[in-house]
Amino acid sequence: MLHFLNFYFYFLLIQQELAQITKPRERFENYAIYEVTAFNARERALLYYLYVKNEELVFLNGITNEAAVPMDVIVDKCCTSFFEEKLRDDDIEFVKINEKFLAKSREILCIENRWDGTHTPNITKAFYYWDAIQFWIDSKIKHFPKLTKIKIGETYEKKEIIVLKLSSGHKKSAVFVLGGEDGRDKVSPAILLNFIDYILQHRLNVDMLIKHHDFYILPMLNPDGYDYSMKVIKY
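Positions -19 to -1, 1 to 216 (mature numbering (1 follows the signal peptide of the UniProt record, and there is no 0)) are the ones given, in order, by the sequence shown.
Right under this line is the structure:
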């Protein structure tokens, strides 16, 4: 879980940089992180209710359908008392992540996500706006013929909804992976893009991976919401 949290701190630091452009910097200390575990359907239903009704809560990996699988939750500190009280009332197990660990992680992660439109962004080091991500995707497609782009639609703001296909060219059974359904979700698109980047950089791995399967990866289903949350939402 700590690796996952480290990855999410990239996002928190980037939001601080974005906020600095237009308004006073938001403090990292304004948020708390919890590990919450649901052991039955009742507890999962209660967490799902909190998930859909409270914008101050961000479930990093959604609400799992499996019992006893920890879920990581970012909570605005204005709502931590409410959140903890609600979990205690419903007898849901939770642990608050050690704040010293958060402070240390903040010190070691220094990220710059601004992109000038002239070079390929390093997608493994920061969260970028959708136009930079598209630039990165197009650059990879030019250099790796086994990676192709399929446009499946457009959003209200005319952003392309695309699927990335990893294939050797022979028809095989397909694996479909979806990310970025929620506009506030920065983590799942980044994980999928990092996965693609890693596979492409390790030729032996990609050859083994696509030997028996074609991979269809939709890194971002909601690019409109993603870009909006990058500009507005301060998680």
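We put the CB at the ideal spot given by N, CA and C, even for glycine. Keep in mind it's a predicted model, so treat the numbers as computed, not measured.
Would you check if the distance between the CB atom of residue i and the CB atom of residue j is smaller than 8 Å?
i: residue 68; j: residue 55; result: no
i: residue 78; j: residue 172; result: no
i: residue 161; j: residue 103; result: no
i: residue 140; j: residue 117; result: no
i: residue 131; j: residue 121; result: no
i: residue 17; j: residue 63; result: no
i: residue 205; j: residue 136; result: yes
i: residue 138; j: residue 73; result: no
Apply the 10 Å Cβ neighbour rule to residue i and answer buried if 16 or more other Cβ atoms are within range, or exposed otherwise.
i: residue 169; result: buried
i: residue 210; result: buried
i: residue 187; result: buried
i: residue 155; result: exposed
i: residue -8; result: The pLDDT assigned to residue -8 is 46, lower than 50, so where the model puts this residue is not dependable; a value taken from the coordinates is nonetheless given after this. Residue -8 should be labelled buried.
i: residue 212; result: exposed
i: residue 167; result: buried
Starting from the C-beta of residue i, find all residues in its chain whose C-beta is less than 6 Å away, skip the five residues before and the five after it, and write them out in chain order.
i: residue 142; result: 133, 134
i: residue 65; result: none
i: residue 20; result: 48, 49
i: residue 32; result: 40, 44
i: residue 71; result: 27
i: residue 144; result: 131, 133, 197, 199
i: residue 59; result: none
For the candidate residues the options, whose alpha-carbon lies nearest to that of residue i?
i: residue 217; options: 158, 190, 166; result: Any question about residue 217 goes unanswered here, given that the chain covers just -19 to 216.
i: residue 157; options: 108, 195, 181, 123; result: 195
i: residue 174; options: 199, 155, 165; result: 199
i: residue 48; options: 22, 177, 183; result: 22
i: residue 57; options: 30, 51, 36, 73; result: 36
i: residue 201; options: 163, 213, 105, 34; result: 163
i: residue 193; options: 152, 119, 165; result: 152
i: residue 150; options: 197, 34, 165, 24; result: 197
i: residue 38; options: 113, 61, 105; result: 61
Under 7 Å Cβ to Cβ from residue i, same chain only, skipping five residues before and after it: list those, please.
i: residue 208; result: 110, 111
i: residue 181; result: 121, 125, 128, 187
i: residue 29; result: 44
i: residue 176; result: none
i: residue 159; result: 199, 202
Identify, in the order they occur along the chain, each residue of the same chain with its Cβ nearer than 8 Å to the Cβ of residue i, setting aside the five sequence neighbours on each side.
i: residue 4; result: Because the pLDDT of residue 4 is 41, which lies under 50, any placement of that residue in the model is unreliable, and the question is left without a value.
i: residue 101; result: 116, 117, 120
So, does the CB of residue i fall closer than 8 Å to a CB anywhere in chain D?
i: residue 176; result: Annotation note: the requested chain D is absent from the structure, which comprises a single protein chain.
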